[in-house]
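> Below is the structure I would like to discuss, written out as structure tokens.
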Amino acid sequence: MAISKQQKEELVAQYKKWVESSDGLVLAHYHNLSVKDISNLRKEIRESGGEFHVIKNTLAKRAFEESGREWKEGVFNGPTALGVSYENPSGLAKALKNFAKEHGTIEIKSGYLAERLVTVEEINALADLPSMDEMRAKLLSTIAAPASKLVRTLAEPGRQVAAVLKSYSEQAAA
Numbered sequence: 000m001a002i003s004k005q006q007k008e009e010l011v012a013q014y015k016k017w018v019e020s021s022d023g024l025v026l027a028h029y030h031n032l033s034v035k036d037i038s039n040l041r042k043e044i045r046e047s048g049g050e051f052h053v054i055k056n057t058l059a060k061r062a063f064e065e066s067g068r069e070w071k072e073g074v075f076n077g078p079t080a081l082g083v084s085y086e087n088p089s090g091l092a093k094a095l096k097n098f099a100k101e102h103g104t105i106e107i108k109s110g111y112l113a114e115r116l117v118t119v120e121e122i123n124a125l126a127d128l129p130s131m132d133e134m135r136a137k138l139l140s141t142i143a144a145p146a147s148k149l150v151r152t153l154a155e156p157g158r159q160v161a162a163v164l165k166s167y168s169e170q171a172a173a
């Protein structure tokens, strides 16, 4: 089904908006995806603060050009989908990597992280990282650990004195 020039311009504008407003992008090749599978993948990506869209290659190239973004040769060949992350790029990468591992119907081609072109290996490494909330919790516990140890260390002499006094009073009472 042919689409009009106006519809093409609207699609390019939409693609450009996704490209320019995202924290992370993943371009993927897909094949043999059922509607149920793609709906499940979209749901998982949505839960991590992202979106997953099937795109038209020629129009996507134009949107990338207008946004000043490069792409690897061969990325816009065959059925292509665009994963867009607005707040959690590692969640997007994790969802796509897990889906690709389970179903084998998606192949990650390339991506962008903070306006920088990244390789498949970098996307896979990003997928292996903990989420931002997990990293914040680890950082907070790392920062808080010395402070709590200091409090325990400062309180210890008082506890020792109290134990000696208690022991002394028990001996005197006996």
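Read the sequence shown against numbering that gives the first Met the number 0 and you will find it ends at 173, with the numbers running on by one and no gaps. Ideal Cβ positions, reconstructed from N, Cα and C, are used throughout, including at glycine. These numbers were taken from a predicted model, which means no experiment stands behind them.
Just list the residues that DSSP pairs Y179 with in beta bridges.
Summary: the structure shown does not reach residue 179, with the chain confined to residues 0 through 173, and so no result is reported for it.
> If K15 and E65 are in contact, beta carbons under 8 Å, what's the gap, nearest whole angstrom?
If you number the sequence shown from 1, residue 15 lands on position 16. If you number the sequence shown from 1, residue 65 lands on position 66. That belief holds up - the Cβ atoms of K15 and E65 are roughly 5 Å apart, short of 8 Å.
> If we count the other Cβ atoms within 10 Å of its Cβ and call it buried at 16 or more, is I142 buried or exposed?
Reading the sequence shown from its first residue, position 143 is the one you call residue 142. That one is exposed.
> In whole angstroms, what is the alpha-carbon distance linking L95 and S147?
Within the sequence shown, numbered from 1, the residue matching residue 95 stands at position 96. Within the sequence shown, numbered from 1, the residue matching residue 147 stands at position 148. Approximately 40 Å, taken between the alpha carbons.
> Of the choices V83, N31, D36 and D132, whose alpha-carbon is the least far from that of E19?
What you label residue 19 is simply residue 20 of the sequence shown in a count that begins at 1. The residue with the shortest Cα to Cα distance from E19 is V83.
> Measuring CB to CB, does A113 end up less than 8 Å from I105?
Locating residue 113 in the sequence shown gives position 114, where the first residue counts as 1. Locating residue 105 in the sequence shown gives position 106, where the first residue counts as 1. Not a contact, by the Cβ cut-off of 8 Å.
> Compute the beta-carbon to beta-carbon distance between G103 and I122, rounded to the nearest angstrom, for a pair I have assumed lies under 8 Å.
In the sequence shown, the residue the question calls residue 103 occupies position 104. In the sequence shown, the residue the question calls residue 122 occupies position 123. At roughly 17 Å, the Cβ-Cβ gap does not stay under 8 Å, so G103 and I122 are not in contact.
> I believe I107 touches V119 by the beta-carbon criterion, under 8 Å. Please report the beta-carbon distance rounded to the nearest angstrom.
The residue labelled residue 107 in the question sits at position 108 within the sequence shown. The residue labelled residue 119 in the question sits at position 120 within the sequence shown. I107 to V119, Cβ: 5 Å. Contact.
> So which of V25, Q170 and S47 has the shortest CA-CA distance to L81?
By 1-based counting over the sequence shown, the position of residue 81 is 82. For the residues V25, Q170 and S47, the minimum Cα distance to L81 belongs to V25.
> Give me the residue from D36, Y167, N39 and G48 with the minimum Cα distance to S130.
What you label residue 130 is simply residue 131 of the sequence shown in a count that begins at 1. Answer by Cα proximity: G48.
> Which class does Y14 belong to by DSSP, given the choice of helix, strand or coil?
On the sequence shown, position 15 is the one that residue 14 refers to. In the structure shown, Y14 sits in a helix (DSSP, three-state: H, G or I).
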